[in-house]
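To keep things clear, I will list the structure first and then write my remarks on it.
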């Protein structure tokens with residue numbers, strides 16, 4: 001019973017808010033738009049302050065630092081350019097045999113894990 005009264009109260013508040021907004025739009029449109037814009041501006045300013053003060057200064061995990069370092073090393077070694085697109089020419093090109101060159105060492109690193117934890121699963 002108390003829950004039913006609470007939902008009726010919430011619907012009443014929402015209905016009055018809608019009636020107030022509609023009357024504000026039809027009677028005083030310029031003031032309504034100004035109020036909405038000011039509210040949005042203040043909200044964006046608060047979000048910006050919160051983001052730049054609290055969220056941006058969080059330190060990333062060590063795994064993410066290692067990943068970013070590996071990506072940076074890979075890009076510097078191989079010169080990856082995602083914007084480059086390959087286009088086919090109208091004439092077929094002659095197939096050229098390339099000489100085999102010595103392979104470079106792999107640019108990926110091995111990150112040591114804890115393999116001992118997996119082996120002792122059944123021993124609790």
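Residue numbers (the UniProt record's numbering): 1 to 124. Ideal Cβ placement from N, Cα and C applies to all residues, glycine included.
About 6 Å separates the CB atoms of residue 70 and residue 109; that is less than 8 Å, so the two are in contact. Between residue 65 and residue 107, the C-beta spacing is not below 9 Å.
For residue 112, there is no enclosing alpha helix (DSSP H), since its DSSP letter is neither H nor E. The C-alpha of residue 15 is placed about 21 Å away from the C-alpha of residue 33.
Within the same chain, and ignoring the five residues on either side of residue 26 in sequence, no residue has its Cβ closer than 6 Å to its Cβ. With respect to the 9 Å criterion, residue 63 and residue 111 are classified as neighbours on the basis of their beta carbons. If you ignore the 5 residues before and after residue 74, its C-beta comes within less than 6 Å of the C-beta of 107, all in its own chain and listed in chain order. Spatial neighbours of residue 17 in its own chain (CB-CB distance under 6 Å, excluding positions within 5 residues in sequence) are not present.
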